[in-house]
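Notes follow the structure.
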Amino acid sequence: GKAARTIFERVKERCGGEITPEKLKKLKTEELRKCGLSYAKCSYVKDLAQRVKSSKLKIKILDKLTDEEVMKELTAVKGIGKWTAEMFLMFSLARPDVFPVDDLGIKKGIEKLLKKPLNSQRLGKFAERWKPYRTAASWYVWKILDND
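Under the UniProt record's numbering, the residues of the sequence shown are numbered 1 to 148, in order.
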């Protein structure tokens with residue numbers, strides 16, 4: 001949303017117009033805090049920058065890995081959970097078959113569509129019918145809520 005964009009732009013400005021692992025590592029926690037990041041997120045950003053810089057996380061090869069491998073690599077980074085990794089697969093790597101069953105918008109959209117709630121396990125089972133295009137199905141489910 002808007003807050004995330006504002007924070008991103010502030011961090012980018014602190015990094016001199018281009019965000020790189022090297023520049024992020026050099027920023028002090030207080031500088032990141034002034035951009036709007038919490039202490040926890042400052043720690044996560046620093047950890048991510050360190051992993052990329054040290055090649056523990058090979059960001060340039062993520063697009064060559066399977067969805068499961070990308071999930072494993074990303075969730076090994078402090079502060080990156082399943083949902084964030086799924087969003088990365090969908091929006092950064094344009095993977096066609098991702099359905100984030102724990103996403104609140106997905107849950108509410110399906111609930112509106114079916115007129116009943118489904119837990120994550122049942123939601124995943126329900127979404128099987130949309131394989132191998134579950135990313136597109138996700139977009140349509142989110143769109144259901146946009147029309148309110």
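Cβ atoms here follow ideal geometry from the backbone N, Cα and C, with glycine treated the same way.
Residue i versus residue j - alpha carbon distance
i      : j      : result
Trp83  : Val141 : 16 Å
Leu32  : Ala49  : 13 Å
Lys115 : Gly1   : 28 Å
Ser92  : Lys131 : 20 Å
Ile7   : Ile80  : 18 Å
Glu9   : Pro21  : 16 Å
Ala137 : Asp97  : 9 Å
Continuous alpha helix (DSSP H) stretch holding residue i: start and end
i     : result
Val45 : Tyr39 to Lys53
Beta-carbon spacing of residue i, residue j below 7 Å
i      : j      : result
Val45  : Leu24  : yes
Ile59  : Val52  : yes
Gly105 : Leu145 : yes
Met71  : Ala94  : no
Arg122 : Phe99  : no
Asp102 : Lys78  : no
Cys15  : Thr29  : no
Lys26  : Ile19  : no
Contact between the segment 57–70 and the segment 32–44 is defined here as three or more beta-carbon pairs at a separation below 8 Å; is this criterion met?
no
Hey, which unbroken runs of the alpha helix (DSSP H) at 4 residues or more fall wholly within the UniProt domain "HhH-GPD" (2–146)?
2–14, 21–26, 29–35, 39–53, 67–75, 82–91, 104–114, 120–127 and 134–146
Stretch pair the segment 121–128 + the segment 102–111: three plus CB contacts closer than 8 Å
yes
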